[in-house]
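Trainee:
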Amino acid sequence: NAGVTQTPKFRVLKTGQSMTLLCAQDMNHEYMYWYRQDPGMGLRLIHYSVGEGTTAKGEVPDGYNVSRLKKQNFLLGLESAAPSQTSVYFCASSYDDSLAAWDTQYFGPGTRLTVL
Amino acid sequence: ILNVEQSPQSLHVQEGDSTNFTCSFPSSNFYALHWYRWETAKSPEALFVMTLNGDEKKKGRISATLNTKEGYSYLYIKGSQPEDSATYLCAFMAGANNLFFGTGTRLTVIP
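As given, the protein sequences belong to chains B and H, one line each in that order.
Quick note on numbering: the first sequence equals residues 5 to 120 in my numbering.
Quick note on numbering: the second sequence equals residues 2 to 112 in my numbering.
#1: Does Asp42/B have its Cβ less than 7 Å from a Cβ in chain H?
#2: Residues in its own chain within less than 7 Å of Pro83/H by CB, not counting five upstream and five downstream?
#3: Give the interface partners of Asn99/H over in chain B, defined as CB-CB distance under 9 Å, in chain order.
#4: Along chain H, which residues have their Cβ under 9 Å away from the Cβ of Gly55/B?
#5: Do you know how far the Cα of Glu46/H is from the Cα of Ile63/H?
#6: I'd like to know whether the C-beta atoms of Ser28/H and Arg107/H end up nearer to each other than 7 Å.
#7: Determine, using beta carbons only, whether Val8/B and Tyr110/B come nearer to each other than 7 Å.
#8: Against chain B, which members of the region 40 to 63 of chain H pass a CB distance test of less than 8 Å?
#9: Counting C-beta neighbours from all protein chains within 10 Å, is the total for Phe102/H 16 or more, i.e. buried, or is it exposed?
#10: Could you name the residues of the same chain whose beta carbon sits closer than 8 Å to that of Val14/H, not counting the 5 residues immediately before and after it, in chain order?
#11: Along the region 83 to 109 of chain H, where does the CB come closer than 8 Å to a CB of chain B? Name the residues.
#12: I need the DSSP call for Gln41/B, collapsed to helix, strand or coil.
#13: Find the nearest neighbour of Val119/B within the set Gly112/B, Ser97/B, Tyr93/B and Thr108/B, judged by alpha-carbon distance.
#14: Answer yes or no: does any C-beta atom of chain H fall closer than 7 Å to that of Asp66/B?
#15: By DSSP, does Ser11/H sit in helix, in strand, or in coil?
#16: Taking CB distances under 7 Å as the criterion, tell me whether Ala33/H reaches chain B.
Have a look at this one:
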C-alpha cells in the first residue's frame, strides 16, 4: 500500500493563478481531509469529506474549493491564489469499516506551495 | 475554533533522560484525543488515540494519560534517545470529523 500520496510536492504560483492539489489514498478510507500548516500555528482544517460525493467546510475554508468524485481521491483547488495561501498543505484520511470514526488519521507527505 | 495548547513549545534533553509534555484542551464536547509524532521533512504519524477519561496508552518507551474532566493529557518518554527527536502534536476531537491541533512540542534529544 502506498498509503496517502499528494501531487505535486512543490509548486510556485503567481498571485491570481489557479491550481489543483491531488490527494490519493489506497486504504479504502471513508474520510479525507485537507489541512494547512503555517509557522507558529497548528495544522488547521480547510475542508473535509465523509464519503464519495460529499464535502464540508473546516476551520479555514475561504479561498479553497474541494471535490471528492471518487472515494480514493480528494482534490483541493485554489481558484485565484493569494500570497496568504503560501503554506504547506497536508492531506489525511481515516476510517474504514474496521475502525471507529474517531480513529487515527493517516497523513500524506505534504505539498509546499508558494504564492508570489 | 477550539483552543488546544501544548507546553512546553520546545525542549532539549540529554540522551537517557525521561521527559513529559502537556496538552490542554476544552473539557466539554470531548470525543477523542490524538497524539502524533512529526519528524522533520516527514508527515505526522499516529502515536495514540484516547477516548476514555483515565485512559493510559503505551508504545515502547512512550506513554500517554488522559483526563477529560480537567482537559489535559500528558505524553511521557522514558530514557529519551536521539531518534525520539521530533515534534509531538496533540489534537482534540470535538466531533467525529473535526480535529483541532495544538502547535506541538519540539523535542531535541542531545546524544
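Each residue gets a CB set at the ideal place from its N, CA and C atoms; glycine is no exception.
Note that the coordinates shown come from a computational prediction; the quantities given were computed from them, not determined experimentally.
Mentor: Taking the structure as given:
#1: Chain H contact via Cβ: absent.
#2: Glu16, Val110 and Pro112
#3: Leu49, Tyr52, Gly62 and Glu63
#4: Those within 9 Å of Gly55/B in chain H number zero; the least Cβ separation is about 11 Å.
#5: Their Cα atoms are separated by approximately 14 Å.
#6: No.
#7: yes
#8: Lys43, Ser44, Pro45, Glu46, Ala47, Val50 and Thr52
#9: buried
#10: Thr20, Ser81, Leu108, Thr109, Val110 and Ile111
#11: Leu90, Ala92, Met94, Ala97, Asn98, Asn99, Leu100, Phe101, Phe102, Gly103, Thr104 and Gly105
#12: strand
#13: Tyr93/B
#14: no
#15: strand
#16: yes
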